[in-house]
Ligand SMILES: C[S@@+](CC[C@H](N)C(=O)[O-])C[C@H]1O[C@@H](n2cnc3c(N)ncnc32)[C@H](O)[C@@H]1O
């Protein structure tokens, strides 16, 4: 018989949600739950999250990118929204002949970039793409763009996509890696997963990030002028990912807690952490739980 356990009661009514998006001046500039983050604890948790996402998800993503021509015969790739450069450095190691230019709006994340151990074909400039001019060193040229986990945090992704469209030459390619929170399970409710995904939805909704961006990508890219060439939905899941899956959802919960402790309180976080740890041995034979990833390639006509 399956065990059950108690998580602290969660208010699912939504009545307590406050929309904290400040969109008075320039609506598309709000970066959802990543807007202007500067709290050291939150930056540390994001650092762990970005590292985990690279380690756990990066190898499959780069295999997909390679199969779709990423880096092939390319003079250079821009990477708007590079964060602390963890993924960009990994990507650049996987494509050592391709210069990759990270461009990041948040200087606190750029300050965490480990330039000394980054590969020689990678660097980051502080730049809010679509607002700031592109750094001069990009005058050497680029014909591809990668956007990974960026569009979900923009209150309006279209201006960024239009800026990328304008910057690319005809025939240029954009590769987008996103997630979509169409989470589902088999084997009945798995309480720590249910609590983590519920908190994920509520914190995103309150903070102005979009957990449904993955399914919107074809329309968003088309509206910006691109022609969509490839669109894949990859259902990562706990059975094939094993402990990595538990780590991913545990770390996401820590980020969500540090972002909005009112929406994911410490006692709920501790329950999630504890139950994922307790379920480490048996979860893949008791439940199927999903993490949907979306991968898209589009070209500028
Ligand atoms: C979740 S992080 C993703 C980091 C990295 N791409 C990765 O996959 O690990 C999203 C980043 O996009 C940045 N960002 C959002 N809009 C941007 C823009 N217009 N120009 C530059 N950076 C932007 C945010 O500041 C944030 O650091």
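Numbering (our numbering), first residue to last: 3 to 303. Glycine included, C-beta positions come from ideal geometry on N, C-alpha and C.
Within the continuous alpha helix (DSSP H) that includes residue i, where are the two ends?
| i | result |
| --- | --- |
| residue 114 | Neither: residue 114 is in no alpha helix (DSSP H) and is coded neither H nor E. |
| residue 166 | 160-169 |
| residue 207 | 193-209 |
| residue 268 | 268-280 |
| residue 251 | 245-261 |
| residue 76 | Unbroken run through residue 76: none, as it is neither H nor E. |
| residue 218 | 215-225 |
| residue 88 | 88-96 |
By a C-beta neighbour count over all protein chains shown, 10 Å radius and 16 as the cutoff for buried, is residue i buried or exposed?
| i | result |
| --- | --- |
| residue 235 | exposed |
| residue 244 | exposed |
| residue 38 | exposed |
| residue 26 | Its pLDDT being 49, under 50, residue 26 is placed unreliably by the model, and the measurement read from it follows with that caveat. Classification of residue 26: exposed, given that the 10 Å Cβ count is below 16. |
| residue 51 | buried |
| residue 276 | exposed |
| residue 216 | buried |
| residue 119 | exposed |
| residue 101 | buried |
| residue 91 | buried |
| residue 82 | buried |
| residue 224 | exposed |
| residue 252 | buried |
| residue 181 | buried |
Can you tell me where the beta strand (DSSP E) holding residue i begins and where it ends?
| i | result |
| --- | --- |
| residue 294 | 290-301 |
| residue 237 | 229-239 |
| residue 80 | 79-82 |
| residue 127 | 124-128 |
| residue 152 | Premise fails: residue 152 is in no beta strand (DSSP E) and is neither H nor E. |
| residue 105 | 102-106 |
For residue i, is the beta carbon positioned less than 7 angstroms from some heavy atom of ligand 1?
| i | result |
| --- | --- |
| residue 110 | no |
| residue 117 | no |
| residue 155 | yes |
| residue 150 | yes |
| residue 33 | yes |
| residue 107 | yes |
| residue 85 | yes |
| residue 172 | no |
| residue 132 | yes |
| residue 55 | yes |
Can you name the residues that DSSP bridges to residue i?
| i | result |
| --- | --- |
| residue 50 | Paired residues: none, contrary to the question. |
| residue 179 | 150 and 297 |
| residue 134 | 131 |
| residue 188 | 290 |
Using beta carbons (cut-off 8 angstroms, strictly below), is residue i in contact with chain B?
| i | result |
| --- | --- |
| residue 98 | Any reference to chain B falls outside this structure, which holds one protein chain only. |
Would you say the stretch 155-172 touches the stretch 192-199, given that touching needs at least three Cβ pairs under 8 angstroms?
Flag = no, the stretch 155-172 and the stretch 192-199 do not touch.
At least 3 beta-carbon pairs within less than 8 angstroms: the stretch 260-270 vs the stretch 193-212:
Touching, yes, given that three or more Cβ pairs across the two stretches are closer than 8 angstroms.
Do three or more CB pairs link the stretch 69-89 to the stretch 136-147 at distances below 8 angstroms?
Enough Cβ pairs lie closer than 8 angstroms, so yes.
Okay, do the stretch 124-135 and the stretch 96-116 touch, 3+ Cβ pairs below 8 angstroms being the bar?
Taking a contact to require three or more Cβ pairs closer than 8 angstroms, the stretch 124-135 and the stretch 96-116 qualify as touching.
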